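This report concerns only the one structure given below.
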Amino acid sequence: MTTLIWGAGAIGGILGAYLARAGHDVHMVDIVAEHVAAMSGPGLQIEGPVEAFTQVLPASTPDTLRGQFDRIILAVKAHHTEAALDQLLPHLAPGGHVVSAQNGLNEKVIAARIGAEKTVGCFVNYGADWLEPGRILYGNRAAVAVGELDGTLTERAREIHAMLRVVEPDAVLTDNIWGYLWGKMGYGALLFCTALTPDSMSDAMARPEHRAAYLALGHEVMALAAAEGVSPLGFNGFDPDAFRLRDAQGMQVAMERMIAHNRKTAKTHSGIWRDLAVRKRKTEVDAQMGIMVEIAERHGLQVPVLVRMIELIHDIEAGRSAQSADLVDELVAVCS
């Protein structure tokens, strides 16, 4: 079976390079023509402390892709999900499925288009950056999980799990993929907060004067997960229960563990920070955190720190503000 990977950036590029090197039949799709040419010509360069190698990959732009595929791994930014589905669905074979290797709750978007039975959830937390056409930084290994949306352990889930173990040997086959995805939403809220500043993820999280903002964000998102009936799962230092219960000691321990985890990576800043500071483009804030606000409204819950953080990210995107620690001071003020 040929696996089509739609989006050859930080997540998709790592997946494709490792799978192809291991002998899996993969085909890459990306909208950047120069990136496609590099992958299919000299090859995709994976660099960084985890491993460095170059892998030639069959690759196409969406307009040149031909054929249908039984398995498509979607690895685009959350806010590009709908547009990507418009382009990829003609290439999904009857009886095929889409695996969402993205940040956010995009499995809901995909399932609404093609049905939950054709949608597989995937959680990825390894650190990687798209540097330029043909180059991706693999900054650190981290948690990876896959599972069916209804929690059943199917043969296709086992097959995908086996593939993912090529990339991350400790990848998990789970009956609670929503738990991982919601855990990442909580952790993701903290990463958006770090991106308000020029600091690295670990340095931003370590500022004692800003700790209240991080604790409040983690609590707000984990309270939403509880309202949705989801039991979030922890990973790489993030402790959902500590944030949900506002366990003061537990949250502090979790913060220190997340800081330690992020100090070990060559990817010092989040992809959100990179979108704002380097690539000067819109982030996934609406497709990730904006969805949290919508869920809060449905349940009649207040998420004031999250709402203000989204506004501050919008200000940076629009050029009304520059990244600064002062912006997190504004979040701390909302906490009081």
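Position one of the sequence shown corresponds to residue 351 (our numbering), numbered consecutively onward.
Even glycine gets a Cβ: it sits at the ideal position worked out from N, Cα and C.
Every value quoted in this text rests on a predicted model; they were computed, and no experiment measured them.
For G357, the closest of R557, T411, V400, G454 by C-alpha to C-alpha distance is T411.
Secondary structure at H611: helix, using DSSP grouped into helix, strand and coil. Distance from the CA of I422 to the CA of V448, rounded to the nearest whole angstrom, comes to 5 angstroms. Membership of D479 in the beta strand (DSSP E) is indicated by the continuous run 477–482. Here A675 has T547 as same chain residues with Cβ atoms under 6 angstroms from its own Cβ, once five neighbours each way along the sequence are excluded.
From the listed residues H560, V603, I486, A461, the smallest Cα separation to Y476 is found for I486.
In this structure, Q638 and A434 do not form a Cβ contact; the two beta carbons are roughly 16 angstroms apart against a cut-off of 8 angstroms. Residue pairing of W356 in beta bridges, as defined by DSSP: V379, L424. For P440, there is no enclosing alpha helix (DSSP H), since its DSSP letter is neither H nor E. For the set D500, G391, Q452, the Cα lying nearest the Cα of K534 is the one of Q452. Under the three-state reduction of DSSP, S450 is assigned to strand. Exposure of E401 is indicated by the presence of fewer than 16 other C-beta atoms within 10 angstroms of its C-beta. For the 8 angstroms CB-CB criterion, E457 and G471 form a contact. Here the alpha carbons of T544 and A556 stand approximately 10 angstroms from one another. A straight line joining the alpha-carbon of D380 with that of R596 spans about 42 angstroms. CA-to-CA, the gap between I361 and V516 works out to about 14 angstroms. Straight through space, the alpha carbons of D375 and M605 are spaced by roughly 40 angstroms.
Per the Cβ contact rule, the region 661–668 is not in contact with the region 640–650 (fewer than 3 Cβ pairs under 8 angstroms). DSSP, reduced to helix, strand and coil, places P654 within a helical segment of the structure shown. Under the Cβ criterion (8 angstroms, minimum of three pairs), the region 503–513 does not count as touching the region 571–580.
Cβ-Cβ distances below 7 angstroms link P519 to nothing in the same chain once the five nearest sequence neighbours on each side are left out. A straight-line Cα-Cα distance of about 16 angstroms links T352 and P440. DSSP places N490 within a strand segment (E or B) once states are collapsed to three.
Closest by C-alpha distance to G640, out of W623, R631, M659, is M659. For F542, the enclosing alpha helix (DSSP H) begins and ends at 527–544.
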